[in-house]
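Asker: Each protein sequence line maps, in turn, to chains A and B. Heads up: the first sequence at position 220 corresponds to 220 in this note's numbering, and the numbers run straight through without jumps. Heads up: the second sequence at position 48 corresponds to 48 in this note's numbering, and the numbers run straight through without jumps. Each residue gets a CB set at the ideal place from its N, CA and C atoms; glycine is no exception. Quick caveat: nothing in here was measured; it's all calculated off a predicted structure.
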Amino acid sequence: MAFTTGATPDAGFDLASARRGAERLIARKRMIAFGAPALVLAYLVYIFFAFDIAGLAARARPENAAVLLSDMYSHKTHVERDNRTGAVEVAIEGERKGTYPADAWPAWVTPAGAGTTVVTLGHGQTVTIAPEDVRFVTVDGETYRIVPAQSGIVLDTPDGEVPDWISASNTRVMITTEGGRLTVTKARTEVFRYFFGWELFFFTLDSPFHGRSFTELVGMAFSDDEVRPGVSNAAAIWSDFWNNSMWRHRDVAWALCETVLMAFLGTISAAIIAVPLAFLSAHNFTPNRPVLFGIRRIFDFLRGVDALIWTIVLSRAFGPGPLTGSLAILLTDTGSFGKLFSEALENVDEKQVEGLRSTGASALQRNRFGVIPQVAPVILSQVLYYLESNTRSATVIGAIVGGGIGLLLTQAIITQKDWEEVTYYIVLIVIVVMLMDTLSGWLRRRLIRG
Amino acid sequence: MTELAAGGIKADYMAMVRRRRMYSGILMIVFVALLASGFRVANDRNAGGFFDGLHRVLDFPSELVAEAVEKAANLPANLVTYVPALIETLNIAAVSTLIGSLLAILLALLATPGLSLWPRAIPVFRRILDIMRAIPDVVIALMLIFVLGGGPVPAMLAIAFHTTGALGKLFSEVAENADLKPVEGLQSVGASWFQRMWLGVIPQVAPNWLSYALLRFEINVRASAILGFVGAGGIGYELKIAIGWGQGRYDAAAAIFLLLFLTIVVIDQFSSHMRNRLVKGH
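#1: Can you look up residue 135 of chain B in the DSSP assignment and give me helix, strand or coil?
#2: Would residue 143 of chain A and residue 158 of chain A be called neighbours here (beta carbons separated by less than 8 Å)?
#3: What are the start and end residues of each continuous alpha helix (DSSP H) run of 4 or more residues lying completely inside the segment 323-391 of chain A, in chain order?
#4: Please check the pair residue 179 of chain A and residue 125 of chain A, which I expect to be a contact at CB under 8 Å, by giving their CB distance rounded to whole angstroms.
#5: Residues in its own chain within less than 7 Å of residue 236 of chain A by CB, not counting five upstream and five downstream?
#6: Tell me which residues of the segment 35-55 of chain B have at least one Cβ-Cβ distance to chain A shorter than 7 Å, keeping chain order.
#7: Rank B/244, B/198, B/217 by C-alpha distance to the C-alpha of residue 33 of chain A and give the top, closest one.
#8: So, do the segment 385-392 of chain A and the segment 403-421 of chain A have three or more beta carbon pairs nearer to each other than 8 Å?
#9: For the alpha helix (DSSP H) containing residue 215 of chain A, list its first residue and its last residue.
#10: Taking buried to mean at least 16 other C-beta atoms within 10 Å of its own C-beta, is residue 211 of chain A buried or exposed?
#11: Pair every Cβ in the segment 193-209 of chain A with every Cβ in the segment 239-251 of chain A, then say whether three or more of these pairs are closer than 8 Å.
#12: State yes or no: is the beta carbon of residue 31 of chain A nearer than 8 Å to at least one beta carbon in chain B?
#13: Which residues, in order along the segment 410-428 of chain A, keep a beta-carbon less than 9 Å from a beta-carbon of chain B?
#14: Could you tell me the distance, in whole angstroms, from the CA atom of residue 173 of chain B to the CA atom of residue 87 of chain B?
#15: In whole angstroms, what is the alpha-carbon distance linking residue 143 of chain B and residue 347 of chain A?
#16: My assumption, with CB atoms under 8 Å, is that residue 193 of chain A sits in contact with residue 77 of chain A. Please give the rounded CB distance.
#17: What three-state label does DSSP hand residue 71 of chain B in the structure shown?
#18: Applying the 10 Å Cβ sphere with the 16-neighbour rule, what's the burial state of residue 23 of chain A?
#19: Hey, does residue 107 of chain B have any beta-carbon neighbour from chain A nearer than 8 Å?
#20: Would you please verify whether the beta carbon of residue 274 of chain A is less than 8 Å from any beta carbon of chain B?
#21: Step through the CB atoms of chain B and report whether any lies within less than 8 Å of the CB of residue 64 of chain A.
#22: So which residues of chain B does residue 300 of chain A contact, with C-beta pairs closer than 7 Å?
#23: Tell me where the beta strand (DSSP E) around residue 196 of chain A begins and ends.
#24: For residue 259 of chain A versus residue 402 of chain A, is the C-beta distance shorter than 8 Å?
#25: Could you check what DSSP says for residue 30 of chain A in three-state terms: helix, strand or coil?
#26: What do you get for residue 127 of chain B, buried or exposed, if any count of 16 or more other CB atoms within 10 angstroms of its CB means buried?
#27: What residue from A/91, A/90, A/321, A/424 has the CA that sits closest to residue 263 of chain A's CA?
#28: Within 10 Å of its beta-carbon, does residue 26 of chain B have 16 or more other beta-carbons around it, so buried, or fewer, so exposed?
#29: Under the three-state reduction of DSSP, which class applies to residue 454 of chain A: helix, strand or coil?
#30: For residue 278 of chain B and residue 207 of chain B, which I take to be in contact (beta-carbon distance under 8 Å), what is that distance rounded to the nearest angstrom?
#31: How do the segment 305-323 of chain A and the segment 284-292 of chain A stand: do at least 3 beta-carbon pairs fall below 8 Å, yes or no?
#32: How would you call residue 84 of chain B, buried or exposed, if buried means at least 16 neighbouring beta carbons within 10 angstroms?
#33: Quick one: does residue 21 of chain B have its CB under 8 Å from some CB of chain A?
#34: Take residue 74 of chain B and list the residues in its own chain whose beta-carbon comes closer than 6 Å to its own, dropping the five residues that flank it on each side.
#35: Please state if the CB of residue 234 of chain B and the CB of residue 223 of chain B are separated by a distance shorter than 8 Å.
#36: Using a Cβ-Cβ distance under 8 Å, would residue 306 of chain A count as near chain B?
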């Protein structure tokens, strides 16, 4: 731009001024080329101190990251002995829902009589839990003996020294190995053994279908030998899976539907409300300035208040749930759509409207046949874009307002131990969002290009 | 003869128009039914019904305004108190937009046919962008809070992650329409991939990319306020404390609402002005 103003075309080509212009331009470009990265760098340095990145290492808990990652793809089974009553319980993830019945313990937990239980961990280690002591035997046959006495917990090691994989104190001894973990306190003795995969994902322990292979299940589904009298096997299999009390597949499916519903209702209703209002806020359709100004400010207000504040205000009135989420999306998006649609209406080509006017068409007909066909593709494509992005927003709004998959997700994260469920929900959300993305892209191509 | 043909064409045309109208009418009815039943389901599954709560919509705002007016003298002090939190929220949005844009540039170029360094890997990079876009930022933020502790860093990383995916797709769409002649010219003089992109592609797409990045910044300011509410620091966190059940300090909440509203409106206006200048040149 500096170049063209430097050269004056009507007075012939002035070499000196053209050169000056070019030099100015290059100097400016050079300044931007070096100045912009320098500014960015300076800003990042400021952030480094403002966000206390250096102190992050002290605050970070890498052991939490290890727990999170291992929980995502594996699960643990607890063997727990209450040292006061002597009762032993074997439970997946230590949950009541995953407790094995006393006569059907897994093969790696064996009762050895006289109140003694032998637990075989991976890598050939064993733990023998007896009433008077707990023995941990390594692969090499070394025995570590722990005695939970009333006066304190005593650890006997083969060479008298405590290795770094054992943390021992007067009140608690903890042994951590690749095969699992052993914790002894006065109150209880606990052994964890880790297994790959998500536990009880299809059937819980109380289901007759637990532990069967896929082919067996298919065979059972088609056999007339009913496991539950009066219910066909296929229906029983489905109901045991669908009502799985640990993974709650039915609730999760409902929650996902709620989230999609929030996005759908919010987006579509916002579009329906925004279209007529957009006509009132476009310069070329509304000669009445106060109306135009007023509606534009309403749009600005709706957008400016933001989904977060709308959600808070609405949830006070309507309580948690999908309706509150839909209304929050509706309010925010009416503002966004209003602005976008009125911009589209202002960019309408007047020629078609003129043509219709020359045939004596009324205002309504002019808009119907001259304007709508021009703006419909823009409106439609915006609505579809928002529908996709609102599916994601609905998850976040659900986390605040307490509805849909967002609620389940925050609940699972807050317990800080159900990371496998968090993974499950994330996978489902990603699938749903990608489906919506594909669907909206497909609809856009179909509806707009015909 | 011609009149007859014209009559036939007219009849055909009218029949077609009628059929189209009927289809769109049916579609419209189905659509309205879907909406209505959707609202019914949402209403049934909500804790409080729509009509039960309708008269209460204004209760909270009016309570808030009443308390704020009553303690109007506190307002300037409250506004000043929450400015640092607001700056933190803005910083989270700005850094995450910055980092997200830089990563998005790299991934977008690698995912664009004709520009990619490894054309075979284009589908891989596209899927990576899709997945980064699909994971809601709140999920990543909550998981990072568990590992890194509270504060602005988890929110920043979470928003940057999502921004990379969202901008990567848009950047790649823009880059697809870039003129390849400068790139070929640079290639013919032996420029490296980085030089081809930096000198041949970036100057063409920079205005559009900047415009998208600005729009994203606007979205990220909102997102960072929301993440604060979920526990990641900044003004959202202060808001959560201020309106906490039972011990609500509505004068403080009103100040935060005001700050948030003004910030979003200013950024909204600024970014739409800048985007118009960048893309349309006026």
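Answerer: The relevant details are as follows:
#1: As a first step, residue 135 of chain B is located in the second sequence; it is residue number 135 there, counting from the start. When DSSP states are grouped into helix, strand and coil, residue 135 of chain B belongs to the coil group.
#2: Here residue 143 of chain A refers to the residue found at position 143 of the first sequence. Here residue 158 of chain A refers to the residue found at position 158 of the first sequence. In this structure, residue 158 of chain A lies closer than 8 Å to residue 143 of chain A by Cβ.
#3: With a minimum length of 4 residues, the continuous alpha helix (DSSP H) runs that stay inside the segment 323-391 of chain A are 350-358, 363-366.
#4: Stepping through the first sequence from its first residue, residue 179 of chain A is reached at position 179. Stepping through the first sequence from its first residue, residue 125 of chain A is reached at position 125. 5 Å between Cβ atoms; contact.
#5: Here the question's residue 236 of chain A lines up with position 236 in the first sequence. By the criterion of a C-beta distance shorter than 7 Å, residue 236 of chain A is surrounded in its chain by 227, 228, once the five residues flanking it on both sides are discounted.
#6: Of all residues in the segment 35-55 of chain B, only 35, 38, 39, 41, 42, 43, 45, 46, 47, 48, 50, 53 place a beta-carbon less than 7 Å from a beta-carbon of chain A.
#7: On the first sequence, position 33 is the one that residue 33 of chain A refers to. For residue 33 of chain A, the closest of B/244, B/198, B/217 by C-alpha to C-alpha distance is B/198.
#8: They do not touch, by the three-pair rule.
#9: Here residue 215 of chain A refers to the residue found at position 215 when the first sequence is read from its first residue. According to the DSSP assignment, residue 215 of chain A belongs to the alpha helix (DSSP H) that extends over 214-222.
#10: For the purposes of this step, residue 211 of chain A is taken as residue 211 along the first sequence, with counting starting at 1. Per the 10 Å Cβ criterion, exposed.
#11: They touch, by the three-pair rule.
#12: Indexing the first sequence from 1 puts residue 31 of chain A at position 31. Not an interface residue.
#13: Those would be 410, 413, 414, 416, 419, 422, 425, 426, in chain order.
#14: On the second sequence, position 173 is the one that residue 173 of chain B refers to. On the second sequence, position 87 is the one that residue 87 of chain B refers to. For the pair residue 173 of chain B and residue 87 of chain B, the Cα-to-Cα distance works out to about 33 Å.
#15: Indexing the second sequence from 1 puts residue 143 of chain B at position 143. Indexing the first sequence from 1 puts residue 347 of chain A at position 347. Distance between the alpha carbons of residue 143 of chain B and residue 347 of chain A is about 45 Å.
#16: Position 193 of the first sequence, counted from the first residue, corresponds to residue 193 of chain A. Position 77 of the first sequence, counted from the first residue, corresponds to residue 77 of chain A. About 5 Å separates the Cβ atoms of residue 193 of chain A and residue 77 of chain A, confirming a contact at the 8 Å cut-off.
#17: Position 71 of the second sequence holds residue 71 of chain B. Here DSSP, grouped into helix, strand and coil, assigns residue 71 of chain B to coil.
#18: The residue you call residue 23 of chain A lines up with position 23 of the first sequence. Classification of residue 23 of chain A: exposed, given that the 10 Å Cβ count is below 16.
#19: In the second sequence, the residue the question calls residue 107 of chain B occupies position 107. At least 8 Å separates the CB of residue 107 of chain B from every CB of chain A.
#20: Position 274 of the first sequence, counted from the first residue, corresponds to residue 274 of chain A. Not closer than 8 Å to any Cβ of chain B, the Cβ of residue 274 of chain A fails to qualify, so no.
#21: To locate residue 64 of chain A, count along the first sequence from 1; it is residue 64. For residue 64 of chain A, the answer is yes, since a Cβ of chain B falls inside 8 Å of its Cβ.
#22: One-based indexing of the first sequence puts residue 300 of chain A at position 300. Taking a Cβ-Cβ cut-off of 7 Å, the neighbours of residue 300 of chain A in chain B comprise 265, given in sequence order.
#23: The sequence position of residue 196 of chain A within the first sequence is 196, counting from 1. Counting along the chain, the beta strand (DSSP E) containing residue 196 of chain A begins and ends at 188-196.
#24: Stepping through the first sequence from its first residue, residue 259 of chain A is reached at position 259. Stepping through the first sequence from its first residue, residue 402 of chain A is reached at position 402. Going by C-beta atoms, residue 259 of chain A is not nearer than 8 Å to residue 402 of chain A.
#25: Locating residue 30 of chain A in the first sequence gives position 30, counting from the first residue. When secondary structure is reduced to three states using DSSP, residue 30 of chain A falls in the helix class.
#26: Residue mapping note: residue 127 of chain B aligns to position 127 of the second sequence, counting from 1. That one is exposed.
#27: Within the first sequence, residue 263 of chain A is the residue found at index 263, counting from 1. Comparing alpha carbon positions, the residue from A/91, A/90, A/321, A/424 closest to residue 263 of chain A is A/321.
#28: Locating residue 26 of chain B in the second sequence gives position 26, counting from the first residue. Residue 26 of chain B sits exposed, since fewer than 16 C-beta atoms from the chains shown fall within 10 Å of its C-beta.
#29: In the structure displayed, chain A extends from 1 to 450; residue 454 of chain A sits before or after that span and is not available.
#30: Translated into the one-based positions of the second sequence, residue 278 of chain B becomes position 278. Translated into the one-based positions of the second sequence, residue 207 of chain B becomes position 207. With a contact defined as Cβ atoms closer than 8 Å, residue 278 of chain B and residue 207 of chain B qualify at about 5 Å.
#31: Between the segment 305-323 of chain A and the segment 284-292 of chain A, the count of C-beta pairs closer than 8 Å stays below three; the two stretches do not touch.
#32: Locating residue 84 of chain B in the second sequence gives position 84, where the first residue counts as 1. Note on residue 84 of chain B: under 16 other CB atoms within 10 angstroms of its CB, so exposed under the neighbour-count rule.
#33: On the second sequence, residue 21 of chain B is found 21 positions in, with the first residue counted as 1. Not one chain A Cβ lies under 8 Å of residue 21 of chain B.
#34: Here residue 74 of chain B corresponds to residue number 74 of the second sequence, with the count starting at 1. Once the five neighbours on either side are set aside, the close Cβ partners of residue 74 of chain B are 251.
#35: Numbered from its first residue, the second sequence carries residue 223 of chain B at position 223. Numbered from its first residue, the second sequence carries residue 234 of chain B at position 234. Result no, Cβ atoms of residue 223 of chain B and residue 234 of chain B do not sit closer than 8 Å.
#36: Reading the first sequence from its first residue, position 306 is the one you call residue 306 of chain A. Between residue 306 of chain A and chain B, the shortest Cβ-Cβ separation is below 8 Å.
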